[in-house]
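Enquirer: Handing you a structure now.
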Amino acid sequence: MSLDRLWAGWRLAYVEGGDRTAAEADGDGSLFERILTSGLSDEEAYVLSRGERCSALLNAYPYNNGHLMVLPNRAVAEIEDLDPDEYTELWQIVRDATVAIKTAYRPDGVNIGVNLGRGAGAGVPDHLHVHVLPRWGGDTNFMTSIAETRVLPESLGDTWAKLRAAWPDSSLG
Numbered sequence: 028m029s030l031d032r033l034w035a036g037w038r039l040a041y042v043e044g045g046d047r048t049a050a051e052a053d054g055d056g057s058l059f060e061r062i063l064t065s066g067l068s069d070e071e072a073y074v075l076s077r078g079e080r081c082s083a084l085l086n087a088y089p090y091n092n093g094h095l096m097v098l099p100n101r102a103v104a105e106i107e108d109l110d111p112d113e114y115t116e117l118w119q120i121v122r123d124a125t126v127a128i129k130t131a132y133r134p135d136g137v138n139i140g141v142n143l144g145r146g147a148g149a150g151v152p153d154h155l156h157v158h159v160l161p162r163w164g165g166d167t168n169f170m171t172s173i174a175e176t177r178v179l180p181e182s183l184g185d186t187w188a189k190l191r192a193a194w195p196d197s198s199l200g
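My numbering puts the first residue of the sequence shown at 28, with every later residue one more than the last.
Structure below.
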């Protein structure tokens, strides 16, 4: 029996904590505001949809393939601080994201969640964002259970292309 190897070389930048984009570097505005105004193309910045008030982008450090986030374009930490138009557009884009994930990945289910504040697990607590990600009955395996590691077989660029192609026309901006 030979040793099996699982390759996910594109994840090295995350493991080493380096190779941060200009949008991720310290600067004015929240991390997400810097990404949205970085001047990069949507493909380079992994922006899936831009609305007037809210946008959807890939999670740069996904739990699994297809993991994206929907967020207001301005930094708002709390859900009650969204104005009515932002609130409406946010949930419309969450719906579109769910449709795109179901079309592109055909998962067994979809997780949709918001972590408000660092105590609730928010990695970017100053900018509310809704996580939307596909799930499968068998997506927890020995790598996750024993090694506390996820292996993602698809690059972020491939994920962006797949979800963008499946995105409903109603909100593509």
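Beta carbons are placed, not taken as given, at the ideal position from N, Cα and C, and that holds for glycine.
What's the gap between the Cα of Thr186 and the Cα of Gly144?
Expert: If I take the Cα positions, the gap works out to 28 Å.
Enquirer: Can you give me the Cβ contacts of Gly164 inside the same chain, cut-off strictly under 6 Å, excluding the 5 residues immediately before and after it?
Expert: Same-chain partners within the cutoff: Asp135.
Enquirer: Is it buried or exposed, Glu51, if we count other Cβ atoms within 10 angstroms and call 16 or more buried?
Expert: With a pLDDT of only 46 at Glu51, under the threshold of 50, the placement of this residue in the model should not be trusted, and no figure is reported.
Enquirer: Taking the beta strand (DSSP E) that Gly136 belongs to, which residues open and close that run?
Expert: Run containing Gly136: 136 to 141, per the beta strand (DSSP E) assignment.
Enquirer: Assuming contact is defined by CB atoms lying nearer than 8 Å, are Ile139 and Val157 in contact in what I supplied?
Expert: Their beta carbons are under 8 Å apart, which means Ile139 touches Val157 by this criterion.
Enquirer: Can you tell me the Cβ-Cβ gap for Leu67 and Val151, rounded? I've got them flagged as a contact below 8 Å.
Expert: Going by Cβ atoms, the distance from Leu67 to Val151 rounds to 18 Å, so no, they are not a contact pair.
Enquirer: From the DSSP output, in three-state form, read off Leu67 for me.
Expert: Reduced to three states, the DSSP call for Leu67 is coil.
Enquirer: What span of residues does the beta strand (DSSP E) with Arg77 cover, start to end?
Expert: Looking at the DSSP string, the run of the beta strand (DSSP E) that includes Arg77 is 74 to 77.
Enquirer: From Thr64, Asp55, Glu60, Trp194, pick the residue whose C-alpha is nearest to that of Thr130; which is it?
Expert: With distances taken between Cα atoms, Thr130 lies closest to Trp194.
Enquirer: Can you name the residues that DSSP bridges to Val157?
Expert: Partner(s): Val97, Val141.
Enquirer: Taking the C-alpha atoms as reference points, what is the distance between Glu71 and Leu183?
Expert: When rounded, the distance between both Cα atoms is 10 Å.
Enquirer: For Glu116, count neighbouring C-beta atoms within 10 Å of its own C-beta (all shown protein chains included) and say buried if the count is 16 or more, exposed if not.
Expert: Buried.
Enquirer: DSSP three-state label for Leu109, please.
Expert: Residue state, collapsed to three classes: coil.
Enquirer: Am I right that Cys26 and Ile120 are in contact with their C-beta atoms under 8 Å? What's the rounded C-beta distance?
Expert: With the chain covering only 28 through 200, there is no way to say anything about residue 26.
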